[in-house]
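Numbering (UniProt numbering), first residue to last: 1 to 241.
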């Protein structure tokens, strides 16, 4: 009984530490864009400021506000996923169609950045999962591929099927990650040393992993610095595949 009690205390202590770390990290992430907004808003109050400088300050404020909004949105989504207040309502649906829609939603952004987006999916592929939860996976992984691939690069979304599962690969030839960075990709608020790290908040892939887990799927990430990244997700196929 004493051993069980000590184990319980240790686990509760660990949970409390994780909660404190999470709050500390969120606070830190919020402070940065808030500081930018405050500094540039004060600069806008000056009388002697050119129109070009005023527009540049306003653009910086909007950009920081959008980052802050994304952080808050992702934090709330992650909290719901982890507390399971989002109830997974699994159903059989066509994931090939969902993948096509996810790619089309981002197509213009890929085109603007000059990145080729290749889609190789089957005409129909039925998974048994919650469509709303799974959609978080595609938007975040494709968003990362867009963010970390330079203009002139290439991103491929490939989907294949077996009798037991549907496999989706999102392959980019972007900046990639070191072995150390890849090992921490699912850690909250972890950001690697890439030039684009400041654009993120270290929550996207945490949400992806949780969404995959809730969908009873698997996810692997292969990457090497300077050579791109491949994210592979496998979801359970519908019983009538």
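Beta carbons: idealized from backbone N, C-alpha and C, even for Gly.
- Per the DSSP secondary-structure output, residue 91 pairs in a beta bridge with 129.
- Every beta strand (DSSP E) stretch that sits fully inside the region 100-149 and reaches 3 residues is listed by chain position as 116-120, 126-129.
- Cβ contact annotation for residue 166 (same chain, cutoff 6 Å, sequence separation greater than five): 95, 125, 127, 235, 237, in chain order.
- Of the candidates 176, 119, 151, 119 places its Cα closest to the Cα of residue 98.
- Where residue 172 is concerned, the enclosing beta strand (DSSP E) starts and stops at 165-172.
- With contacts defined as CB atoms closer than 9 Å, residue 43 and residue 57 qualify as a contacting pair.
- In the displayed model, residue 211 falls within a helix according to three-state DSSP.
- With the rule of 3 Cβ pairs closer than 8 Å, the region 61-68 does not count as touching the region 103-119.
- The residues 57, 60, 61, in chain order, have a CB closer than 6 Å to that of residue 40 in the same chain once the five nearest residues on each side in sequence are set aside.
- The beta carbon of residue 217 sits closer than 7 Å to those of 233, 234, 235, 236, all from its chain and outside the five residues before and after it, given in chain order.
- Check the Cα spacing between residue 213 and each of 174, 104, 137, 53: the tightest is with 137.
- If you draw a straight line from the Cα of residue 221 to the Cα of residue 151, it comes to about 22 Å.
- Between residue 208 and the set 170, 72, 162, 133, the nearest pair of CA atoms involves 133.
- In the three-state DSSP reduction, residue 40 falls in the helix class (H, G or I).
- Residue pairing by DSSP leaves residue 153 without any beta bridge partner.
- Cβ contact annotation for residue 182 (same chain, cutoff 7 Å, sequence separation greater than five): 221, 223, in chain order.
- When secondary structure is reduced to three states using DSSP, residue 61 falls in the helix class.
- The beta carbon of residue 173 sits closer than 6 Å to the beta carbons of 153, 154, 228 from its chain, once the five residues preceding and following it are set aside; these are given in chain order.
- When the beta-carbon positions are compared, residue 206 and residue 170 stay at least 9 Å from each other.
- Non-local C-beta neighbours of residue 176 in its own chain, meaning closer than 7 Å and more than five positions away in sequence, comprise 223, 224, 225, 226, 227, 228, 229, ordered along the chain.
- Under the criterion of beta carbons closer than 8 Å, residue 90 and residue 129 qualify as touching, at roughly 5 Å.
- For the options 215, 63, 46, the alpha carbon positioned closest to that of residue 33 is the one of 63.
- The DSSP-derived three-state label of residue 158 is strand.
- Residue 185 sits buried, since 16 or more C-beta atoms from the chains shown fall within 10 Å of its C-beta.
- Burial check for residue 239: the Cβ neighbour count within 10 Å stays below 16, so the residue is exposed.
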